[in-house]
Amino acid sequence: MTTFICLAAAAACLLGGILASLATFRRPRLCGWISVVAVGGASSFMLVAAARAFAGVVDAPVSVLPIPALGAALTLRVDALSALFLAITAGIAVVTTLYSVEYMRRYTRDRLAKYYPVLLLLFLSIGGTVVTTDLFWFLVFWEMMTLSSFFLVIFERESRDGHRAGWKYFFWNQGATLGLMAAALVLWLHSGSFGFDACRATFTDLLQSDPLTAHLLLALFVLGFSTKAGILPMGVWLPDAYLAAPSSATAAFGGTMTKLGIYGLLRVFLQFTPLGTATVSWGVVIATAGLVSMCLGTLYALKQSDAKRLMSYHVIGQVGYMFFGIGAGLALLRVDPILGTLGIVAGLFHLLNNALYKTSLFLGAGAIEFRTGTCSLAELPGGLGRAMAVTMGASLISSLAIAGVPPLNGFTSKWLRYATGILGARDSFVLPVAALIAMFVSLMTLASFLKYLGGAFLGVTASAPPVREVPWTMLAPQVVLAAACLVVGLLPMVPLRYVHQAIVTLPSGIGLPANEALVGAGSTLALATNGVLLASWAPLVVTFGLLALGAGVYYGLQTAGGATARDVPVWACGEEENPEWLRYRADSLYRPFKDALHIKPPRVRLPEVAVPGFLARVVDIDRWLYRPLVRGTEEAARGMSRTHVGIPQVYLLWIIVGAIAVLAIIELFASPAVASASSRLWARASRV
């Protein structure tokens with residue numbers, strides 16, 4: 002089975018699922034399961050195509066739907082970078098669609114026709130974006146992705162905030178797409194082709210003959226892809242859009258869509274652009290933007306009291322980690338290929354990890370919303386962990402993973418990034434400072450998710466909350482993703498091999514250090530330069546060693562102490578109080594940060610300018626044009642409404658009067674005198 006057949010079969014599954022879900026939307030369960038089967042089939046073919054690419058079987062590009070006039074064709078090819086994103090998309094698509102089967106029963110049946118087909122179209126467009134090697138069709142799939150996600154954002158049609166968020170998302174991303182189109186058009190004008198190879202040749206020539214144009218094109222690409230990824234300030238659309246969409250769609254956004262901004266940057270700087278000063282300069286820009294977004298996104302997440310909005314701001318912060326790692330790696334590639342490669346690997350590995358725990362977190366927030374009707378931590382009753390133990394367990398693992406707590410997957414990618422910064426001190430003093438800032442941001446991430454866990458699942462209440470665990474189709478995706486966070490954290494060398502392969506097989510990555518020379522082999526990460534070991538991390542040894550030590554300490558205390566475990570109420574300084582009085586609610590946590598981030602711009606008194614009365618009347622177009630037109634239209638409408646008397650005979654009379662008037666007008670213009678006058682006027686006008 003060739004790669005092209007796999008891709009065609011995946012597209013056929015998704016297109017068939019779109020049509021089948023449209024035909025069965027009045028039967029919610031059937032519609033949902035048909036979508037699950039379609040996505041499952043498509044994901045299987047996508048994983049086969051990805052496995053072939055990782056095995057080194059890269060088929061020749063296949064071109065269909067050519068457009069000779071534009072020099073464009075739908076050219077499909079799966080290399081290692083495409084394979085990595087295909088695998089991520091396949092996994093996230095399956096878990097979010099399965100989750101939707103029960104979650105979408107919150108909505109009326111007619112809504113399903115606007116959900117499942119659009120969700121499947123989103124996955125189809127994401128897959129198309131990462132497998133095409135033609136910039137024209139890349140932008141076609143990119144626009145399909147933007148439009149399908151826009152309709153998911155405005156899914157709740159009765160919500161004015163949702164529509165406002167949707168249009169905000171639409172305009173920001175359409176502006177970014179226009180920038181990408183402009184860059185693609187300039188490249189096409191220089192080469193006459195939209196192919197990726199032609200783009201690389203054009204960039205190589207422009208960097209030598211016209212560097213200003215080349216840097217302007219790179220700026221358009223960076224702005225366009227940064228907007229989709231959610232980097233500040235272009236990512237201001239993200240929190241509102243993620244909050245407005247259904248939680249299952251939000252999980253799909255966080256796990257797949259925003260990651261394509263990273264994919265675009267890697268294509269531009271490791272395939273289109275040859276290694277040189279441009280790569281170094283733009284690497285610094287990308288790393289700086291990532292550092293700013295990392296800090297601001299996490300700070301504003303700490304301020305939020307809504308679970309989905311808190312996680313949405315963390316999307317901005319976590320994408321900042323990726324930008325920082327990739328940008329630092331690009332800046333270091335020329336002077337230190339080992340550290341440069343390590344930085345890019347760290348950023349891309351963090352993308353993979355983020356897709357796992359971020360999707361799980363959004364699904365957990367959706368489970369809370371499904372059972373309680375709200376994601377507001379201030380309104381939740383607290384103590385949900387007793388009734389929703391599995392959801393709490395998955396959310397706990399994912400929260401610790403995003404905070405970078407060992408031995409989970411988030412720690413490994415952050416550890417690689419810290420190592421890049423600290424070891425890069427010999428090349429730039431800024432890198433270790435940035436690494437320290439990233440460590441502090443990880444602590445803020447942990448603080449904000451302690452707030453989420455405490456406000457939603459913990460706390461003593463007077464009575465058990467009247468909720469129960471969500472159905473298994475909503476639990477299984479959370480458990481699978483949380484387990485993946487643990488497995489990837491314990492065995493990081495397996496995914497790191499594929500992440501490294503995705504980079505070094507690109508044109509600008511050929512010749513970079515091998516994976517074993519970069520992070521070692523076996524189950525231990527070992528960073529070495531010239532045979533000298535600089536840092537190492539052995540997750541299996543450390544984890545099982547700490548577990549054994551903890552079990553020994555616990556057994557020793559239990560044996561030596563002799564005290565029995567008891568279930569007693571919380572001690573409130575000697576008085577029995579209502580547990581609700583002792584709760585420290587989520588919206589009360591970290592108030593100093595909230596006060597510091599609550600920036601209220603000062604009021605500025607504008608100067609008063611005297612305007613002559615006649616000029617004010619001339620400029621006031623409402624006064625002399627619009628308002629008279631409105632009043633005249635209203636008077637005419639009121640006059641016409643007086644004829645609606647409700648008597649059929651009167652309406653018949655008006656019809657007769659109208660017919661007589663039409664006949665009279667026809668007779669008038671058909672008379673010889675009027676016809677002759679009209680001819681003379683037309684002839685005179687023609688001469689003029």
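Those letters in the sequence shown? Residues 2 to 689, per my numbering, in order.
No residue lacks a Cβ here, since even glycine has one placed at the ideal position from N, Cα and C.
Quick one, are the C-beta atoms of ALA50 and THR4 less than 8 Å apart?
Result yes, Cβ atoms of ALA50 and THR4 sit closer than 8 Å.
Which full runs of the beta strand (DSSP E) of 3+ residues lie inside the region 145-181, going along the chain?
Here no run is fully enclosed.
Rounded to the nearest angstrom, what separates LEU654 and TRP625 at their Cα positions?
C-alpha separation (whole angstroms): 38 Å.
I'd like to check one pair, LEU334 with GLY341: are the Cβ atoms closer than 8 Å?
A contact, by the Cβ cut-off of 8 Å.
When the distance is taken between beta carbons, is ALA503 closer than 8 Å to LEU378?
No, Cβ-Cβ distance for LEU378 and ALA503 is not below 8 Å.
Considering PRO433, what are the terminal residues of the alpha helix (DSSP H) in which it resides?
Run containing PRO433: 431-457, per the alpha helix (DSSP H) assignment.
Quick check on the burial criterion: 16 or more other C-beta atoms within 10 angstroms. Buried or exposed for GLY633?
Answer is exposed; the Cβ neighbour count stays below 16.
Go ahead and pull the three-state DSSP assignment for ASP307.
DSSP places ASP307 in strand when its eight states are reduced to three.
In angstroms with no decimal places, state the Cα-to-Cα distance between PRO118 and ILE19.
Approximately 4 Å between the Cα atoms of the pair.
Taking Cβ to Cβ, would you say ALA515 is nearer than 8 Å to THR421?
Not in contact: ALA515 and THR421 (Cβ atoms no closer than 8 Å).
If you measure between the beta carbons of LEU121 and VAL40, is that distance less than 8 Å?
A contact, by the Cβ cut-off of 8 Å.
Could you name the residues that DSSP lists as bridge partners for VAL533?
Its beta-bridge partners are THR530.
What are the boundary residues of the beta strand (DSSP E) that ALA74 is part of?
Start and end: 73-77.
Do you know whose CA, among LEU513, GLY490 and THR178, lies nearest ALA404's CA?
With distances taken between Cα atoms, ALA404 lies closest to GLY490.
Report yes if the CB atom of ALA74 is closer than 8 Å to the CB atom of ASP162, and no otherwise.
No, the pair does not count as a contact, with Cβ atoms beyond the cut-off.
Along the chain, where does the alpha helix (DSSP H) that runs through VAL495 open and close?
Looking at the DSSP string, the run of the alpha helix (DSSP H) that includes VAL495 is 494-505.
Taking SER429 as the reference, give the member of VAL269, PRO240, ASP337 and PHE139 with the closest Cα.
Minimum Cα distance to SER429 is reached at ASP337.
With distance defined between alpha-carbon atoms, name the residue in LYS309, ALA242 and VAL520 nearest to ILE345.
Out of LYS309, ALA242 and VAL520, VAL520 has the C-alpha closest to the C-alpha of ILE345.
How many angstroms separate the CA atom of MET105 from the CA atom of LEU113?
Their Cα atoms are separated by approximately 8 Å.
In chain order, which beta strand (DSSP E) runs of at least 3 residues are fully inside the region 381-434?
Counting only runs of 3 or more, we get nothing.
DSSP has SER377 in a bridge; who is on the other side?
Paired residue(s): ASP307.
Would DSSP call PRO472 helix, strand or coil?
It is coil, neither helix nor strand.
Among the candidates ARG201, PHE450 and GLN175, whose CA atom is the shortest distance from the CA of THR299?
Looking at the Cα atoms, PHE450 is the closest of the given residues.
Determine whether the beta carbon atoms of SER282 and THR97 lie at a separation below 8 Å.
Their beta carbons are not under 8 Å apart, which means SER282 does not touch THR97 by this criterion.
According to DSSP, is VAL63 part of a helix, a strand, or is it coil?
In the structure shown, VAL63 sits in a strand (DSSP, three-state: E or B).
Do PHE363 and ARG107 have their C-beta atoms within less than 8 Å of each other?
Not in contact: PHE363 and ARG107 (Cβ atoms no closer than 8 Å).
Tell me whether the beta-carbon of GLY72 lies closer than 8 Å to the beta-carbon of GLY176.
No; because the gap between Cβ atoms is not below 8 Å, this pair is not in contact.
Taking the CB atoms as reference points, tell me whether ALA242 and GLY167 lie closer together than 8 Å.
Result yes, Cβ atoms of ALA242 and GLY167 sit closer than 8 Å.
Report buried or exposed for TYR358, applying the criterion of at least 16 other Cβ atoms within 10 angstroms of its Cβ.
Counting Cβ neighbours within 10 Å, TYR358 comes out buried, since at least 16 surround it.
With a Cβ-Cβ cutoff of 8 Å, do ILE127 and LEU8 count as a contact?
No, these two residues do not count as a Cβ contact at 8 Å.
For ASP80, which of helix, strand or coil comes out of DSSP?
Looking at ASP80 - three-state DSSP - the assignment turns out to be coil, as it is neither helix nor strand.
For ARG628, count neighbouring C-beta atoms within 10 Å of its own C-beta (all shown protein chains included) and say buried if the count is 16 or more, exposed if not.
Classification for ARG628: exposed.
Have a look at the DSSP bridge pairing and note the partners of GLY196.
Beta-bridge pairing links GLY196 to ASP135.
Can you tell me the Cα-Cα spacing of GLY225 and VAL316, whole angstroms?
When rounded, the distance between both Cα atoms is 17 Å.
Threshold first: 3 residues or longer. Then list the beta strand (DSSP E) segments lying entirely within the region 290-336, N to C.
Listed in chain order, there is nothing to give.
For a quick check, are the C-beta atoms of ALA279 and PHE222 less than 8 Å apart?
Cβ atoms of ALA279 and PHE222: not closer than 8 Å.
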